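Undergrad: First, the structure itself, so that you have it in front of you.
Protein chains: 2
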Amino acid sequence: MIGRLNHVAIAVRDMDAAVAVYRDTLGGEVSEKVAQPDHGVSTVFVVLPNTKIELLEPLGAGSPIAKFLDRNADGGIHHICYEVDDILAARDRLKAAGARVVLFLHPKDFCGTLVELEQA
Amino acid sequence: MIGRLNHVAIAVRDMDAAVAVYRDTLGGEVSEKVAQPDHGVSTVFVVLPNTKIELLEPLGAGSPIAKFLDRNADGGIHHICYEVDDILAARDRLKAAGARVVLFLHPKDFCGTLVELEQA
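Respectively, the protein sequence lines represent chains V and E. Each number in my numbering comes from the position in the first sequence (counting from 1) with 2 added on. Each number in my numbering comes from the position in the second sequence (counting from 1) with 2 added on.
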């Protein structure tokens with residue numbers, strides 16, 4: 003079921019410093035910084051020949067990566083993303099296997115609030 | 003300088019359980035388990051179309067991932083590996099940029115002990 007590794011996401015406190023490390027020290031190909039206020043982060047991609055690194059910096063109040071950075075003062079790997087052919091089939095298979103699959107709604111469609119639905 | 007993402011290494015407490023998750027739940031292509039006593043780990047590779055996941059389970063006393071698992075009870079991403087064309091050139095460039103580059107000697111050549119050299 004899981005296919006390509008789409009990206010590895012790394013949370014950082016200071017994007018300028020992180021870009022300097024990945025571009026200047028490690029010689030990586032680095033994209034422009036993009037603010038994603040709906041997700042509470044700014045992103046920069048490090049483009050590798052076979053996949054990419056997504057650098058995440060907190061943006062605004064209540065960023066979803068703020069707590070992670072409280073626990074990981076130097077930053078750290080936040081998540082990895084696998085590609086699947088059919089996201090609904092993947093969800094059903096994972097639920098059948100007992101995995102906890104979480105349902106989030108995009109903040110853009112819900113008054114700027116990231117909404118999680120939980121059956122109760 | 004950095005090239006392909008060679009692998010993402012994930013430390014796990016129980017390789018059988020981790021293999022069940024990656025092979026059965028996530029539908030990944032999973033290699034045989036290989037004991038690597040010189041490195042203090044057993045490894046399984048999850049082969050993805052563009053890179054691989056290296057599952058690491060502690061092996062023997064004083065495994066280098068034991069402390070990591072003490073701090074991360076559920077396991078976690080331990081390291082990522084970037085490929086470089088010339089490891090010595092990479093070392094020199096990184097040292098010149100102020101990075102702390104650590105020199106380890108392979109245990110197989112040094113009485114089964116992982117030796118780190120530090121200039122003092």
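No residue lacks a Cβ here, since even glycine has one placed at the ideal position from N, Cα and C. Model, not experiment: these values are computed from the prediction.
For E56/E, is the classification buried or exposed, using 16 other Cβ atoms within 10 angstroms of its Cβ as the cut-off for buried?
TA: Buried, because 16 or more other Cβ atoms sit within 10 Å of the Cβ of E56/E.
Undergrad: Can you pull the DSSP bridge partners for Y84/E?
TA: Answer is L7/E.
Undergrad: Going by other Cβ atoms of all chains shown within 10 Å of its Cβ, with 16 needed for buried, is P60/E buried or exposed?
TA: With 16 or more other Cβ atoms within 10 Å, it is buried.
Undergrad: As an exercise, report each continuous beta strand (DSSP E) stretch of at least 3 residues that is fully enclosed by the stretch 41–69 of chain V, in chain order.
TA: Those beta strand (DSSP E) runs which fall completely within the stretch 41–69 of chain V and span 3+ residues are 43–49 and 54–60.
Undergrad: Please check the pair L50/E and I4/V, which I expect to be a contact at CB under 8 Å, by giving their CB distance rounded to whole angstroms.
TA: Right, their Cβ atoms sit about 7 Å apart.
Undergrad: Please work out which residues of its chain come closer than 6 Å, Cβ to Cβ, to A11/V, disregarding the five sequence neighbours upstream and downstream, and give them in chain order.
TA: Here the set comprises E56, L58, H80 and H81.
Undergrad: Who are V107/E's beta bridge partners in DSSP?
TA: What sits at residue 107/E in the sequence shown is Leu, not Val. In DSSP, L107/E forms a bridge with V117/E.
Undergrad: Counting along the chain, where does the beta strand (DSSP E) carrying L21/V start and finish?
TA: Sequence check: residue 21/V is Val here, not Leu. Counting along the chain, V21/V falls outside any beta strand (DSSP E), though it belongs to the alpha helix (DSSP H) covering M17 to V21.
Undergrad: Using Cβ-Cβ distances below 7 Å, what residues of the stretch 50–79 of chain E are close to chain V?
TA: Within the stretch 50–79 of chain E, the qualifying residues are L50, P51, N52, T53 and I79.
Undergrad: Could you give the DSSP three-state label for A129/V: helix, strand or coil?
TA: The question about residue 129/V has no answer here: the residues shown for chain V are numbered 3 through 122.
Undergrad: 9 Å is my cut-off, CB to CB: does V14/E come that close to chain V?
TA: Output row for V14/E: interface = no.
Undergrad: Using 8 Å for Cβ pairs, my map puts K110/V next to D40/V. What's the rounded Cβ distance?
TA: Contact flag correct, Cβ pair sits at about 5 Å.
Undergrad: Measure the beta-carbon distance from E31/V to V48/V and round it to whole angstroms, keeping in mind my assumption that it falls under 8 Å.
TA: Indeed they touch by this definition, with Cβ atoms about 7 Å apart.
Undergrad: Under the assumption that T27/E contacts A99/V (Cβ atoms under 8 Å), give the Cβ distance between them as a whole number of angstroms.
TA: Between A99/V and T27/E the Cβ distance is about 4 Å, and since that is below 8 Å, they are a contact.
Undergrad: Out of F106/E, N52/E, S33/E and T53/E, point me to the one whose CA is closest to V46/E's CA.
TA: Cα-wise, what sits closest to V46/E is S33/E.
Undergrad: Go to L96/E, then tell me how far its alpha helix (DSSP H) extends in each direction, as first and last residue.
TA: Residues I89 to A98.
Undergrad: CB-CB under 8 Å to Y84/E, same chain, minus the five flanking residues each way: which ones, in chain order?
TA: Here the set comprises I4, G5, R6, L7 and N8.
Undergrad: Assign G62/E to buried or exposed, taking buried as 16 or more other Cβ atoms, counted over all protein chains shown, within 10 Å of its Cβ.
TA: Exposed.
Undergrad: Could you tell me which of G29/V, R95/V, G77/V and L71/V sits nearest to V86/E, measuring between CA atoms?
TA: Among G29/V, R95/V, G77/V and L71/V, the Cα nearest to that of V86/E is on G29/V.
Undergrad: At 9 Å on the CB atoms, spell out the chain E contacts of M3/V, in chain order.
TA: T27, L28, G29 and G30, listed in chain order.
Undergrad: Cβ of R95/V less than 9 Å from any chain E Cβ?
TA: Yes, because at least one Cβ of chain E sits closer than 9 Å to the Cβ of R95/V.
Undergrad: Please report how far the alpha carbon of Y24/V lies from the alpha carbon of I89/E, in whole angstroms.
TA: The straight-line gap from Cα to Cα measures roughly 17 Å.
Undergrad: I want to verify the contact list: residues of chain V whose CB lies under 8 Å from the CB of A99/E, in sequence order.
TA: Here the neighbours are D26 and T27.
Undergrad: List the residues of chain V whose Cβ lies closer than 7 Å to the Cβ of L90/E, in chain order.
TA: Within chain V, no residue comes near L90/E; the closest Cβ sits about 15 Å away, beyond 7 Å.
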